[in-house]
Amino acid sequence: MALTERTLLGPGPSNPYPEATAGLAAPLLGHLDPEFIAVLERTCERLRATWGTDNPVTLPLSGTGSIGMEAAFANTVRPGDVVVVAVNGLFGVRMCEVAGRYGAEVVRVDHTWGEPVDVERVVTAHPSPALVAAVHAETSTGVRSDIAGLGAALRRRHPEALLLADCVTSLGGIEVAVDEWGVDIAYSGTQKCLGVAPGLAPFTFSERAWERRVEIPPVWYLDLGLLGGYVRGGPGGRAYHHTAPVAMIASLEAGLARIHEEGLGSVTERHEAAGRRLQDGLREMGLELFAAEGHRLPQLTSVRVPEGVDSAKVREQLLTDYGIEIGAGAGDYANSVWRIGLMGHNARLDRAELVLTALRRVLGR
Ligand SMILES: *Cc1c(COP(=O)(O)O)cnc(C)c1O
1 MALTERTLLG
11 PGPSNPYPEA
21 TAGLAAPLLG
31 HLDPEFIAVL
41 ERTCERLRAT
51 WGTDNPVTLP
61 LSGTGSIGME
71 AAFANTVRPG
81 DVVVVAVNGL
91 FGVRMCEVAG
101 RYGAEVVRVD
111 HTWGEPVDVE
121 RVVTAHPSPA
131 LVAAVHAETS
141 TGVRSDIAGL
151 GAALRRRHPE
161 ALLLADCVTS
171 LGGIEVAVDE
181 WGVDIAYSGT
191 QKCLGVAPGL
201 APFTFSERAW
211 ERRVEIPPVW
221 YLDLGLLGGY
231 VRGGPGGRAY
241 HHTAPVAMIA
251 SLEAGLARIH
261 EEGLGSVTER
271 HEAAGRRLQD
281 GLREMGLELF
291 AAEGHRLPQL
301 TSVRVPEGVD
311 SAKVREQLLT
321 DYGIEIGAGA
331 GDYANSVWRI
341 GLMGHNARLD
351 RAELVLTALR
361 RVLGR
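1 is the number of the first residue of the sequence shown in full-length UniProt numbering; add one for each residue after it.
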């Protein structure tokens, strides 16, 4: 018996999201309506509080997390710029690809997957990098890297270099402190720990980065200069650039309000407790965790598929019998690692217990 009906926004009696359907299909405020502008202002202010920043350029970009990555490089990289990228998983690889398309001379610092970013190796990889990029929470491996440490080392060694952090899976799940850590450019996604539907990329850009931004990026849509209309104190006031995704921004505002009502500290503690319970339980079951000890993300647990077990079959059984979706491994680990997310709404002890019980049954342990 399935615990949940997996119908997405479909009409009819089995629709598990009647309110969302009504909301998204209901008449909306116009994107230039002063009331919507107020929603946008509040959303940007709540994003600043969530990021831990005063950056005026802090806004939700229209698109999923990847658009944040695209905007980050599009607005900072000039052809020939040296961009050092720490690669310890799939999303680090993707950053190299994106930076390369904007003409960067990419200096790729590869790590064993499952290990955190080695700050020393990254800051000594090139004598004068323009930009250094790393993934805070590598969703492909379940590893947390020390962005605070990277920021501090970078300020000592290359104070001129800009620091870019991919925070798609960290924002709202573990501590993120953009200003304190010296991060210049960061982006996230709504559908990971923020617990809102996919479709927006929370984005923040320091004043230092703003001064050094690419004047005319090759992508019109993501030109932060033109997006000034979205930005506090930005040039041109609230000028029209593209239609703001009104419903998405309203839902992000609501999601952020929920997080701040609970308290950012409580939210990260809840992620921590749920993840720890899940990881302890998996070990009690005799399973081996994949990410290096001491660097494991609570919101994304990677675990090795036991010898002789059919990875895909277990995932399918969890989905059909228990309504639980877990991920396959990424890259070379597609069949040998599972990835279990406990993010946002699911970062709860009862969810951790449910996954453990179901997995125990399916594996016969
Ligand atoms: C999910 C993810 C992305 C990509 O975000 P999309 O919303 O899928 O575009 C980028 N980086 C990391 C670390 C992610 O987990």
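A virtual CB, placed ideally from N, CA and C, is assigned to each residue, including glycine.
Keep in mind it's a predicted model, so treat the numbers as computed, not measured.
Between the alpha carbons of M343 and S170 lies a distance of about 10 Å. In this structure, I340 has its beta carbon at no less than 8 Å from each heavy atom of ligand 1.
Judged by beta-carbon spacing, L359 lies within the 9 Å limit of R365, meaning their Cβ atoms are closer than that value. Pairing G142 with V246, the inter-Cα distance amounts to about 33 Å. The continuous alpha helix (DSSP H) containing W210 extends over residues 207-211. Comparing alpha carbon positions, the residue from S140, V305, Y322 closest to P116 is S140.
Taking the C-beta atoms as reference points, L319 is found no nearer than 9 Å to P306. Within the same chain, Cβ atoms closer than 8 Å to the Cβ of D184 are found at L162, L163, L164, F205, S206, R208, A209, the five residues on either side in sequence being excluded. Note on geometry: alpha-carbon atoms of V314 and D321 lie some 10 Å from one another. Sequence-distant partners of R212 (beyond 5 residues in either direction) whose C-beta falls short of 8 Å from its own C-beta, in its chain, are T76, L162. Rounded to the nearest whole angstrom, the C-alpha separation of G329 and S311 is 9 Å.
Taking a cut-off of 8 Å for Cβ pairs, the segment 40-50 and the segment 58-67 touch, as three or more such pairs fall below it.
The DSSP-derived three-state label of Y187 is strand. Judged by the Cβ position, P198 qualifies as a neighbour of ligand 1 at the 8 Å threshold, a heavy atom of the ligand being closer than this.
Of all C-beta pairs linking the segment 149-158 to the segment 93-102, fewer than three are shorter than 8 Å, placing the two stretches out of contact. Short of 8 Å from the beta carbon of E325, and not among the five residues preceding or following it, lie these beta carbons of its own chain, in chain order: R315, L318, L319.
Taking all protein chains shown into account, S128 has fewer than 16 neighbouring C-beta atoms within 10 Å of its C-beta and is therefore exposed. Looking at the DSSP output, G341 bridges to L300. A201 and G308 have their C-alpha atoms roughly 40 Å apart.
Out of W113, E269, R155, E284, the CA that lies nearest to the CA of Y333 is found in W113. Annotation for G30: F36 place their beta carbon closer than 7 Å to its own, counting only its chain and skipping 5 residues before and after. Here Q191 is near G199, since their CB atoms are less than 9 Å apart. Relative to ligand 1, the nearest heavy atom lies less than 8 Å away from the CB of T64. In the structure shown, the three-state DSSP call for L224 is coil.
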